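A quick write-up on the structure given underneath.
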Amino acid sequence: MTLATEVPTDVEPVVPRSGLVRRFLRNPLGLLSTLVLLAVIVIAVVVPFLGLPDPNGVNLREANRAPGAAHLLGTDGSGRDIFSRIMWGTQVLLAGSGISLAISMAIGVATGLMAGYYGGWFDSVASWFNNLTMSLPGIVVLLAVTTVVGPNVYIAMATFGILLTPAFFRVVRGAVQAVRNELYVDAARVSGLSDARIIARHILTVVRAPVIIQAARVASIAISVQAGLELLGITDSTVPSWGNMLNEGFRKIALSPGLILWPSLAIGLVSMALILVGNALRDALEDRGHGTTRAVRLPARTAVEPSATPAPAHPANALLSVQNLKVAYGTGSGQKEVVHGVSLHVAPGEVLGLVGESGSGKTQTAFAVLGLLPEGGHVSDGSILFDGKELTALGTKDRTALRGTDIAYIPQEPMSNLDPAFRIGHQLTVPMRTRLGLSKADARSRALALLARVGIADPEKTFKSYPHEVSGGMAQRVLIAGAVSCNPRLLIADEPTTALDVTVQAEVLDLLRDLQRETGMAVVMVTHNFGVVADICDRVAVMQSGRLVEVDTVEKILTAPSQSYTQKLLDSMLEDGPARPYPFDDDDSAASPLKAKE
Amino acid sequence: MTNTPRLLEVDQLAVEYPGHGRKPAFRALEEISFAIRPGETLGLVGESGSGKTTIGRAILGLVKPTAGHIRFDGKDITHAGRHDRRNLSRDIQVVFQDPYTSLNPSMTVEDILSEPLTIQGTNKKDALERVRGLLDRVRLPANSGGRLPREFSGGQRQRIAIARAIAVKPRLIVCDEPVSALDLTTQATVLDLLVEIQEATKVAYLFVSHDLSVIRHISHNVIVLYKGHIVEQGRAAQVTSQPVHPYTQRLFMSAPVPNPAQQRERREARRQLVAATTGQAA
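Protein chains in written order, with our numbering: chain A, 2 to 599; chain B, 6 to 287.
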């Protein structure tokens, strides 16, 4: 399991269904931008009823008037009221950009859904068309279209809409491909849902958010392109649009430099509003209620103060001693404690099992010792003593120096802990060269020796392989080789065999046991499996809901536990249970239902 | 001798995944034959890559068989079309391994549970009535309907998935590692729920798992798969305590027992077994 998923789910506040809207509205820029866009839409609707002067009403006697009572923003070179033209311009803007947006969205989303869901030839053809569209120089196409069909801004914008379809197609296709093989889509198929209903009910919800965000971006592109086309004067110059106003302003920039001001401001404002709305939507969608986690990082260190209740003294012979450890997420009133005062110790050469169900805090305790708690988590109280050093008082740099050399770690998911971009040999040798100061050749020979030691048949080949080229069991052996490469004194293994097949698990446990005996390192084995505990541990600590239930020798815990919770865990195991009785009263072997053929 | 009619018959099934480019095609299953009767649980056990999940997916129509036949209730469904599949969905249902991805995160529990019902033509009001009964059946709080999957724990989500599977009163449920992602105590209660439902409804299970002890707990008959082939099959008690095939023996010996002394013995026995079978095609 990755770090993020190990955070107990109850730490994460349950996000109500209206959370998205609320998160969005809490963003002041997003709210302001939404208001701007709403205002533009309202103006476009009500402008005919406002009794403004005719936006196209030429009156040369009134030309180039300064702002005043009669003309709020003055008049242009033909005596047309600038305020009125700005207001009427919203209609042209919404219609033009709206056509682009509607066309690109309709074609892009529909084809993206089909290409992503069905794949096959449709996907190939649609992708080919989209690649072609993207490689076309947009402005040349638009100029060609206006030359052929005449200077009509709406036809130009419709064409531009087609040129913009890849923006939606690619986003939708990607999102659909990501969920096409999700189990809930399979479950819907098994339920007999038609493709149309699967898409409508299960797939459309996934693409909704990215499509909305993309729409805001595409709209702002459409607006600037529309203004650009009008500015170039290749569209109908009789409509009162912001681009046309810019066009005139540029032509008369020497005479009346103020003319370009208002349309520029209007275009800038709307484009900015669209981009900010898009960003605010993205933030609202990505924020999953971890709003406070960032603020936590600094107070995390200062939060460690001498415990109010005197903790029992650290045992003298322990390599690692944890006293009254508390781990919490968040700060202040939102603080949520997940480990409530755990005390345990590990002697040199000892294997301690840390057992419990999910949410018991076993992984949190292990990560607190490693100093690798997920973001937002911190040690809120207690003491972690490693080899006489107080770890909670160490700075980040000292903690990092300790990890890898004195304290090593083996994760649950071997694959996600190897960088797919680098060869295995590289990932093994870099720590040895930086930590142990080995030369490149020495590190290489040591890595090969380690790979051979962990039971990899062809160390040279594995050394040169990329992580995806080896199996899960091999990857875990590689990580074990890496963990012991710098002679650690303490190894923390977080469910190291849970992701492996049972036959591979047995081999990896054998390897860990042998290595532990050879090197005399201490091991903290985090696991939920009592079989693994019986196989490798000397002592066992049982945890439940962030508390220690009991600590004892492995024989005692597994055969005669003193706590009822431990007994309950042992009872829920199926290992010793009887096989299910066979209810069919037929003749044993002859009519064995396993033989399908008569 | 009595011969209960067979509900599902699989005969010489083979599934091949097509290769990509120079990669040759991968034969995931070969010569798979078995049968399941009403009210019976057939356990499929094997390690990753053994093809156990593929068998379930072939029966559900999610992968296309390359050869062989699958008969349900006497009718050949090997290559059932979309229309036949929709009718079959009334009889064959599924519970997947991962309770986190098998429920649509944006749908309420009520919507998830009523979906298979409305597909089969139940009107909305009756469907919601039935959803309440289903929640009660899998022992979830009655007010769970309006909530989203993420508000539930793994075990509860798996109960929702089970409720969805039994909503249409199917005759066969393919259970693909339904308890592998769950805690020990949750695992036991979910298995007990499945047994209880089976005893009440006579539904048959095809139960896929990598865990021999889970298989032993729930199955009547067991098939052991290794690299796409059946290596051993028989009664659950026999296969899971006195396995005959070396691979099953190794699987059995590899699972650690929660007792240090016994585990030491088992470890020794496994080492001897592995040493004895090395070089032999397992």
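Backbone N, C-alpha and C define an ideal beta-carbon position, used for all residues, glycine too. Keep in mind it's a predicted model, so treat the numbers as computed, not measured.
Check your understanding: Excluding sequence positions up to five away, which residues of its chain have a Cβ less than 8 Å from the Cβ of A64 (chain A)?
Key -> Position 63 of the first sequence, counting from 1, holds the residue named residue 64 (chain A). Only T76, D77, G78, S79, G80 meet the Cβ criterion.
Practice item. Report the neighbours of E115 (chain B) on chain A: residues whose CB is nearer than 9 Å to its CB, in chain order. Key: As a first step, residue 115 (chain B) must be located in the second sequence, where it is residue number 110. None at all; the shortest Cβ gap to chain A is about 13 Å.
Practice item. Return the chain-ordered list of same chain residues with a C-beta closer than 7 Å to the C-beta of M115 (chain A), the five sequence neighbours on each side being excluded. Key: Along the first sequence, read from residue 1 onward, the residue named residue 115 (chain A) stands at position 114. So the qualifying residues of the chain are F123.
Check your understanding: Does F77 (chain B) get closer than 8 Å to chain A when you measure Cβ to Cβ?
Key -> Indexing the second sequence from 1 puts residue 77 (chain B) at position 72. Not an interface residue.
Check your understanding: Hey, out of A:F423, A:S486, A:S446, A:P349, whose CA is closest to R518 (chain A)'s CA?
Key -> What you label residue 518 (chain A) is simply residue 517 of the first sequence in a count that begins at 1. Among A:F423, A:S486, A:S446, A:P349, the Cα nearest to that of R518 (chain A) is on A:P349.
Practice item. Could you list the residues in the segment 124-151 of chain B with a C-beta less than 9 Å from some C-beta on chain A, going in chain order? Key: I124, Q125
Point to revise | Closest residue to S38 (chain B) among B:K28, B:K69, B:L49, B:P248 (Cα-Cα distance) | key: Residue 38 (chain B) sits at position 33 when you count from the first residue of the second sequence. Nearest of B:K28, B:K69, B:L49, B:P248 to S38 (chain B), Cα basis: B:L49.
Practice item. Using the Cα positions of I481 (chain A) and L501 (chain A), report the straight-line distance between them to the nearest angstrom. Key: On the first sequence, residue 481 (chain A) is found 480 positions in, with the first residue counted as 1. On the first sequence, residue 501 (chain A) is found 500 positions in, with the first residue counted as 1. Distance between the alpha carbons of I481 (chain A) and L501 (chain A) is about 14 Å.
Review point. Of the choices A:I235, A:G279, A:A255, A:S221, whose alpha-carbon is the least far from that of A267 (chain A)?
Key: By 1-based counting over the first sequence, the position of residue 267 (chain A) is 266. Minimum Cα-Cα distance from A267 (chain A) among the listed residues A:I235, A:G279, A:A255, A:S221 corresponds to A:S221.
Check your understanding: For the alpha helix (DSSP H) that F77 (chain B) lies in, which residues bound it at each end?
Key -> In the second sequence, residue 77 (chain B) corresponds to position 72, counting from 1. No alpha helix (DSSP H) contains F77 (chain B), which is instead part of the beta strand (DSSP E) from 72-77.
Exercise for review: Could you list which residues in chain B have their beta carbon closer than 7 Å to that of V533 (chain A), in chain order?
Suggested key: As a working mapping, residue 533 (chain A) is identified with position 532 in the first sequence. Within 7 Å Cβ-Cβ: P261.
Check your understanding: Are the beta-carbon atoms belonging to I97 (chain B) and L139 (chain B) less than 8 Å from one another?
Key -> Taking the second sequence and counting its residues from 1, one reaches residue 97 (chain B) at position 92. Taking the second sequence and counting its residues from 1, one reaches residue 139 (chain B) at position 134. No; because the gap between Cβ atoms is not below 8 Å, this pair is not in contact.
Check your understanding: Which full runs of the alpha helix (DSSP H) of 4+ residues lie inside the segment 16-70 of chain A, going along the chain?
Key -> Qualifying alpha helix (DSSP H) stretches, in chain order: 20-27, 29-47.
Exercise for review: List the residues of chain A whose Cβ lies closer than 9 Å to the Cβ of F101 (chain B), in chain order.
Suggested key: As a working note, residue 101 (chain B) is residue 96 in the second sequence. By Cβ distance, chain A contributes L184, Y185, D187, A188.
**Study point:** For A442 (chain A), the nearest candidate out of A:G456, A:E576, A:H427, A:A285 (CA to CA)
**Key:** Counting from 1 along the first sequence, the entry for residue 442 (chain A) is found at position 441. Closest by alpha carbon: A:H427.
Point to revise | Within 8 Å of chain A by C-beta, residues of the segment 240-264 of chain B in sequence order | key: Listed by position along the chain: R240, A241, A242, T245, S246, R255, L256, M258, S259, A260, P261, V262, P263, N264.
Review point. Among the residues of its own chain, which have a CB less than 7 Å from the CB of P460 (chain A), if the five just before and after it don't count?
Key: Locating residue 460 (chain A) in the first sequence gives position 459, where the first residue counts as 1. The residues are L449, L452, A453.
Practice item. Measure the alpha-carbon distance for A561 (chain A) versus T554 (chain A) and round it to whole angstroms. Key: Position 560 of the first sequence holds residue 561 (chain A). Position 553 of the first sequence holds residue 554 (chain A). About 10 Å.
Review point. Using Cβ-Cβ distances below 9 Å, what residues of the segment 561-588 of chain A are close to chain B?
Key: K569, L570, L571, D572, S573, M574, L575, E576, D577, G578, P579, A580, R581, P582, Y583, P584, F585, D586, D587, D588
Review point. Would you say the segment 12-24 of chain B touches the segment 73-84 of chain B, given that touching needs at least three Cβ pairs under 8 Å?
Key: yes
Practice item. Have a look at Q254 (chain B) and P183 (chain B) and give me their C-alpha separation to the nearest angstrom. Key: Reading the second sequence from its first residue, position 249 is the one you call residue 254 (chain B). Reading the second sequence from its first residue, position 178 is the one you call residue 183 (chain B). Near 24 Å, if we compare the C-alpha coordinates of P183 (chain B) and Q254 (chain B).
Exercise for review: Whole angstroms is fine: what's the gap from P17 (chain A)'s alpha carbon to E134 (chain B)'s?
Suggested key: For the purposes of this step, residue 17 (chain A) is taken as residue 16 along the first sequence, with counting starting at 1. For the purposes of this step, residue 134 (chain B) is taken as residue 129 along the second sequence, with counting starting at 1. Any answer about P17 (chain A) is weak, because its pLDDT of 44 lies below 50 and its placement is not dependable; what the coordinates show is given next. Roughly 25 Å between the two C-alpha positions.
Practice item. Answer yes or no: does any C-beta atom of chain A fall closer than 8 Å to that of S218 (chain B)? Key: Reading the second sequence from its first residue, position 213 is the one you call residue 218 (chain B). So, interface residue.
**Study point:** D188 (chain B): contacting residues in chain A (beta-carbon distance under 8 Å)
**Key:** Walking along the second sequence from the start, residue 188 (chain B) turns up at place 183. Residues of chain A passing the Cβ test: E358, S359, H529.
Exercise for review: Reducing DSSP to helix, strand and coil, say where V555 (chain A) ends up.
Suggested key: Locating residue 555 (chain A) in the first sequence gives position 554, counting from the first residue. Three-state result, V555 (chain A): helix.
Check your understanding: Taking the alpha-carbon positions, what's the P489 (chain A) to Y330 (chain A) distance?
Key -> On the first sequence, position 488 is the one that residue 489 (chain A) refers to. On the first sequence, position 329 is the one that residue 330 (chain A) refers to. Taking the straight line from one Cα to the other gives about 29 Å.
Practice item. Give the C-beta separation of V262 (chain B) and A535 (chain A) to the nearest angstrom, bearing in mind that I take them to be a contact with Cβ-Cβ under 8 Å. Key: For the purposes of this step, residue 262 (chain B) is taken as the residue at position 257 of the second sequence. For the purposes of this step, residue 535 (chain A) is taken as the residue at position 534 of the first sequence. The Cβ separation is near 6 Å, so the contact holds.
Practice item. Taking the CB atoms as reference points, tell me whether S105 (chain A) and L165 (chain A) lie closer together than 8 Å. Key: The sequence position of residue 105 (chain A) within the first sequence is 104, counting from 1. The sequence position of residue 165 (chain A) within the first sequence is 164, counting from 1. For S105 (chain A) and L165 (chain A), yes; Cβs fall inside 8 Å.
Exercise for review: Count the CB pairs spanning the segment 272-283 of chain A and the segment 207-226 of chain A that are closer than 8 Å, and state whether there are at least three.
Suggested key: yes
**Study point:** Own chain partners of K207 (chain B) with C-beta closer than 7 Å, once the 5 adjacent residues on each side are dropped
**Key:** Working through the second sequence from its first residue, we reach residue 207 (chain B) at position 202. Once the five neighbours on either side are set aside, the close Cβ partners of K207 (chain B) are P43, G44.
**Study point:** Closer than 8 Å at the beta carbon, the chain A residues around I223 (chain B)
**Key:** Along the second sequence, read from residue 1 onward, the residue named residue 223 (chain B) stands at position 218. Neighbours of I223 (chain B) on chain A, chain order: R581.
**Study point:** N226 (chain B) - DSSP class collapsed to helix/strand/coil
**Key:** As a position in the second sequence, residue 226 (chain B) is number 221, starting the count at 1. In this structure, N226 (chain B) counts as strand in the three-state DSSP scheme.
Check your understanding: Where does I204 (chain A) sit, in a helix, a strand or coil, going by DSSP?
Key -> For the purposes of this step, residue 204 (chain A) is identified with residue 203 of the first sequence, where counting begins at 1. I204 (chain A): helix per DSSP, three-state reduction.
Point to revise | Euclidean distance between Cα positions of P307 (chain A) and L395 (chain A) | key: By 1-based counting over the first sequence, the position of residue 307 (chain A) is 306. By 1-based counting over the first sequence, the position of residue 395 (chain A) is 394. At P307 (chain A), the pLDDT of 43 sits below 50, so the modelled position is not reliable; the number obtained from the coordinates is stated separately. For P307 (chain A) and L395 (chain A), the distance between alpha carbons rounds to 15 Å.
Check your understanding: Shorter than 8 Å from the beta carbon of T106 (chain B) to some beta carbon of chain A?
Key -> Along the second sequence, read from residue 1 onward, the residue named residue 106 (chain B) stands at position 101. It does; some Cβ of chain A falls within 8 Å.
Exercise for review: Have a look at Q238 (chain B) and I228 (chain B) and give me their C-alpha separation to the nearest angstrom.
Suggested key: Taking the second sequence and counting its residues from 1, the one referred to as residue 238 (chain B) is at position 233. Taking the second sequence and counting its residues from 1, the one referred to as residue 228 (chain B) is at position 223. Each residue's Cα considered, the two are about 4 Å apart.
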